[in-house]
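2 protein chains.
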Amino acid sequence: MSTRAAPPPHTGSRPGGRSARIRAAVHRAVEELLTDEADEPLTIPVVAARAGVHATTVYRRWGSVGELLTDVATSRFSGDIVVPDTGSLREDLERYASDLAKDLNDPDTLPLVRATIGTAGDQGASACTGERRQQLQAMLERDQARGNQTPTVERVTDAVIAPLYYRAVFTDQALTPEWTRGLVTNLLPD
Amino acid sequence: MSTRAAPPPHTGSRPGGRSARIRAAVHRAVEELLTDEADEPLTIPVVAARAGVHATTVYRRWGSVGELLTDVATSRFSGDIVVPDTGSLREDLERYASDLAKDLNDPDTLPLVRATIGTAGDQGASACTGERRQQLQAMLERDQARGNQTPTVERVTDAVIAPLYYRAVFTDQALTPEWTRGLVTNLLPD
DNA sequence: CCATTAACGCATCGATCACTGCGAGAATCA
DNA sequence: TGATTCTCGCAGTGATCGATGCGTTAATGG
């Protein structure tokens, strides 16, 4: 794998076993609380209690709920995605869009995105988009190197990324595979 | 100052002068707090204090911050928009998209949208989209009645509405008029 | 114009939150 | 391995939140 996962955003001077364990427990507690129907207020004492960690630790490591959510969203949207490289831009985009749709369909993801952009502002929003721009650019540059007429990053963002996020966040319609594939088809007509 | 903004008899059995005045003050306080850089926690006592109203009133009328935000977002996204009717679908969509872009560029709007979908969940999200689907459908039906080949509501949503919302909420790029017009051009090529 | 009643102001209470020293335990480096 | 220091657990505190009971004000209908 070419893209090695970034070290903890917290200037980790000691990412030892215990710290990593606590970090994982807190992240898991946040995701569980977000998916739980019990409308618990998602506050630091609640997160800490569910994670089996003392609230002081969470306050010191993350400081606020916004930074905690940003951290969770960052690690959620940075590691999993693998940029396809099939030799065809259409195929690449279809796979990429399908992966993104699958990701956004995950029951954990939608509440996380909503809470993050609602609590963490600009920083949280950019954490939710992750590195999609760079990933798109990689696919487009490969296609351009093949000598094809390649759309811009902006165009692909508007035609593929934006509808996926919009439909997931603002509507209750499902992100079906057919609809997702249709986005690429509308962008790249035969 | 007598800003009679046409108090609509939204809900309640007694929409008298005082209730409307309080409602307007609370709405205004929410918007001010959302735009203020002072990261005040946007809680009911804070909103009530800034509105010059006692917190008990806000608790009883709205119940929670989520419902309050949903109410603010609903009245923010329901009244202002006028569906264009120029006789040309392209012209209609360009005006509609331009109005929407102007609306989303308002410094009040972005924090309101983010906070609403982050706090009020599905209900808040649908409040932020308002009645766009019906408005789109009205324009499309008129175009279809003219005997043209009209795109579907879904297609227009994906091509115009979604990029506007996505760019406003998730990125820090500006919603320029040229880019907004380009969305319609990509949807309706000559 | 007056009775009715919905809506608001006020005082208050328990629960929880955000935060802070201080000591103990674990990870890192010599 | 031993010393250092980064990190976590613990107990406690002021502040604020969410909610309730009661009296008062004002909007509504006859």
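In the order they appear, the protein sequences are chains A and B. Residue numbering for the first sequence follows my numbering, beginning at 15 and increasing consecutively. Residue numbering for the second sequence follows my numbering, beginning at 15 and increasing consecutively. Every residue, glycine too, gets a C-beta built ideally from N, C-alpha and C.
Quick one: list the residues of chain B neighbouring residue i, beta-carbon separation under 8 angstroms, in chain order.
| i | result |
| --- | --- |
| isoleucine 131 (chain A) | Arg128, Ile131, Gly132, Val183, Phe184 |
Indicate whether at least one CB of chain B lies closer than 7 angstroms to the CB of residue i.
| i | result |
| --- | --- |
| threonine 143 (chain A) | yes |
| tyrosine 110 (chain A) | no |
Does residue i come out as helix, strand or coil in the three-state DSSP assignment?
| i | result |
| --- | --- |
| threonine 25 (chain A) | Unreliable positioning characterises threonine 25 (chain A) in this predicted model, as indicated by a pLDDT of 42, which lies under 50. The coordinate reading is nonetheless provided below. It is coil, neither helix nor strand. |
| serine 210 (chain A) | Because residue 210 (chain A) is not part of the residues shown, which for chain A are 15 to 204, the question remains open. |
| leucine 126 (chain B) | helix |
| histidine 41 (chain A) | helix |
| proline 165 (chain A) | coil |
| methionine 15 (chain A) | Caution applies to methionine 15 (chain A), whose pLDDT of 32 falls short of 50 and renders its modelled position unreliable; the model cannot decide the point. |
| histidine 171 (chain B) | The sequence given here places threonine at residue 171 (chain B); histidine does not occur at that position. Residue state, collapsed to three classes: helix. |
| proline 59 (chain A) | helix |
| glutamate 48 (chain B) | For the record, residue 48 (chain B) in the displayed sequence is leucine; it is not glutamate. Helix. |
| threonine 100 (chain B) | coil |
| leucine 189 (chain B) | coil |
| arginine 160 (chain A) | coil |
| isoleucine 95 (chain A) | coil |
| glutamate 81 (chain A) | helix |
| alanine 182 (chain B) | helix |
| glutamate 145 (chain B) | coil |
| leucine 202 (chain B) | coil |
| alanine 8 (chain B) | This structure does not reach residue 8 (chain B), given that chain B is present from 15 up to 204, and the question cannot be answered. |
| arginine 195 (chain A) | helix |
| glycine 135 (chain A) | helix |
| aspartate 120 (chain B) | coil |
| valine 67 (chain B) | coil |
| glutamate 54 (chain A) | coil |
Step through the CB atoms of chain A and report whether any lies within less than 7 angstroms of the CB of residue i.
| i | result |
| --- | --- |
| tyrosine 73 (chain B) | no |
Quick check on residue i: buried or exposed, where buried means 16 or more other Cβ atoms within 10 Å of its Cβ?
| i | result |
| --- | --- |
| glutamine 148 (chain B) | exposed |
| glutamate 51 (chain B) | exposed |
| arginine 42 (chain A) | exposed |
| valine 40 (chain A) | buried |
| histidine 24 (chain B) | In this predicted model, histidine 24 (chain B) has a pLDDT of only 37, less than 50, meaning its place in the structure is not dependable; the value taken from the coordinates is given anyway. So histidine 24 (chain B) ends up on the exposed side. |
| threonine 88 (chain A) | buried |
| glycine 77 (chain A) | exposed |
| arginine 146 (chain A) | buried |
| valine 198 (chain B) | buried |
| glycine 161 (chain B) | exposed |
| aspartate 106 (chain B) | buried |
| arginine 90 (chain B) | buried |
| glycine 93 (chain B) | exposed |
| proline 165 (chain B) | buried |
| aspartate 172 (chain A) | buried |
| valine 96 (chain A) | exposed |
| proline 98 (chain B) | buried |
| threonine 57 (chain A) | exposed |
Taking residue i as the query, report the chain B residues whose CB atoms sit under 7 angstroms from its CB, ordered along the chain.
| i | result |
| --- | --- |
| aspartate 172 (chain A) | Pro177, Leu197 |
| alanine 139 (chain A) | Val183, Phe184 |
By the criterion of Cβ-Cβ separation under 8 angstroms, what are the contact partners of residue i in chain A?
| i | result |
| --- | --- |
| aspartate 136 (chain B) | Asp186 |
Would you check if there are 3 or more beta carbon pairs closer than 8 angstroms linking the stretch 154-164 of chain A to the stretch 102-110 of chain A? yes
Using 8 angstroms as the Cβ pair cut-off and three pairs as the minimum, do the stretch 114-133 of chain B and the stretch 184-199 of chain B touch? yes
Touching by the beta-carbon criterion (3+ pairs, under 8 angstroms), the stretch 33-42 of chain A and the stretch 56-76 of chain A: yes
Three Cβ pairs or more, each shorter than 8 angstroms: is that satisfied between the stretch 120-138 of chain B and the stretch 124-137 of chain A? yes
How do the stretch 163-180 of chain A and the stretch 168-185 of chain B stand: do at least 3 beta-carbon pairs fall below 8 angstroms, yes or no? yes
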